[in-house]
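Taking our numbering, I'd label the letters of the sequence shown as residues 522 to 757.
Every residue gets a Cβ at the ideal spot worked out from N, C-alpha and C, and that includes glycine.
What follows is a set of notes on a single structure, which appears directly below.
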Amino acid sequence: MACSPKGLFQAGHTWVATIAGLGALALSVYNFLEAQKDPTTEVMLPHSLKVEAETAGISVFLQPTVFTRFGTEDTELVKDVRLRLRLRSPGPAVNDRPDFYWGQVVKWTARYEPTDAACAKTGTSPEATAACEKALSAPPDIWWEFESEPAPFVVTQSAPQRPSIQFRTHNWKLTPGRYDGGLTLVRASTRSPLERTFCLVLEAGDAERIKQRKTIWWEFRNDVRRSTDHCYRWYE
Numbered sequence: 522m523a524c525s526p527k528g529l530f531q532a533g534h535t536w537v538a539t540i541a542g543l544g545a546l547a548l549s550v551y552n553f554l555e556a557q558k559d560p561t562t563e564v565m566l567p568h569s570l571k572v573e574a575e576t577a578g579i580s581v582f583l584q585p586t587v588f589t590r591f592g593t594e595d596t597e598l599v600k601d602v603r604l605r606l607r608l609r610s611p612g613p614a615v616n617d618r619p620d621f622y623w624g625q626v627v628k629w630t631a632r633y634e635p636t637d638a639a640c641a642k643t644g645t646s647p648e649a650t651a652a653c654e655k656a657l658s659a660p661p662d663i664w665w666e667f668e669s670e671p672a673p674f675v676v677t678q679s680a681p682q683r684p685s686i687q688f689r690t691h692n693w694k695l696t697p698g699r700y701d702g703g704l705t706l707v708r709a710s711t712r713s714p715l716e717r718t719f720c721l722v723l724e725a726g727d728a729e730r731i732k733q734r735k736t737i738w739w740e741f742r743n744d745v746r747r748s749t750d751h752c753y754r755w756y757e
C-alpha cells in the first residue's frame, strides 16, 4: 500500500525532530562534561622583579598572573607560593641557597612629588623657576604598602589573580653571579604544584648598589635589550 505525500511529510518531520533532539542532548552532555573538567591553571611571570635590601635581610617582589584557560564549575585554590634561587657555580664558603618565605602581599602606589610648594615662587628668580620645572618633570616615587597577610587564594576563569608577593630571606649575602630561580604554587587539591622557572643575573655592581641602600628598591627586567637569554637583569 503506497504512502500518501502527507504521511511521508509527517514521517520526515518526526525524524528531523528526533535528530534535532539527539543533537541537543549530545550538546548538553558535552557542555556538562566540559564544566566538570579540572581547570587548566596557568602561571605567567612578570617582566619585572624588584629587590630591596633591609636591615635584617633581603626582599624580592614578584607579581605573577594566575588564571584558568576555559570555563569550568570547579575552582583552583592556591594555598602557598614559594620562591627558589640557586647560584650557579658557587665559590667556597658562599651561601648559594637563600631561604625565602612568603612575607606578605603588597600593593604598589605612585607618590608624585608635590609641586605646589616647589612652584610657589616660580618667576621670582631663575632658581625658583628651575626648581618648579624640576618638580613638574620628576618621575613618581613608586613604593609599596601592606595589602594582606599571606593566605590561600581562589582562581577561576572569571577571577584571575595577580598578587604582588614579597618574599623575604635572612641568609642571602647578594653574591654576584647567575641564579636559577623557580616560582612554585602549591595547590590545595591533589594536583601537582605549578612551577615556572627563570634566571636572575646579579653583577658585582648590582650587589653593591643594593647593599648600600641608596634607593628603596632596585628593578630587574627580563625584556631589556641586553637580556637576550630572558634573564632578569638590572634595569636603569
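So, do the stretch 632 to 646 and the stretch 569 to 586 have three or more beta carbon pairs nearer to each other than 8 Å?
no
Quiz item: Going straight from the alpha carbon of L657 to that of T736, what length do you get?
Solution: 21 Å
**Request:** Inspect the beta-carbon positions of R632 and W664 and report whether they are closer than 9 Å.
**Result:** yes
- Task: Identify the continuous alpha helix (DSSP H) that holds S658 and give its terminal residues.
- Result: P647 to S658 is the span of the alpha helix (DSSP H), which, as asked, contains S658.
From C720, P681, Q687 and E716, residue whose alpha carbon lies closest to that of P697: C720
Fill in: Residue closest to D601, alpha-carbon to alpha-carbon, out of W623, E740 and V581
W623
Checklist line | Beta-carbon proximity check, E575 vs R689, cutoff 9 Å | finding: yes
task: Note down the Cα distance separating E729 from L695, rounded to an integer number of angstroms.
output: 8 Å
Quick check: L608 and R618, are their CB atoms within less than 9 Å of each other?
yes
Check whether L723 and Y700 have beta carbons under 9 Å apart | yes
- Item | Where W629 falls, given that 16 or more other Cβ within 10 Å makes a residue buried | In this structure W629 is exposed. Its beta-carbon is surrounded by fewer than 16 other beta-carbon atoms within 10 angstroms.
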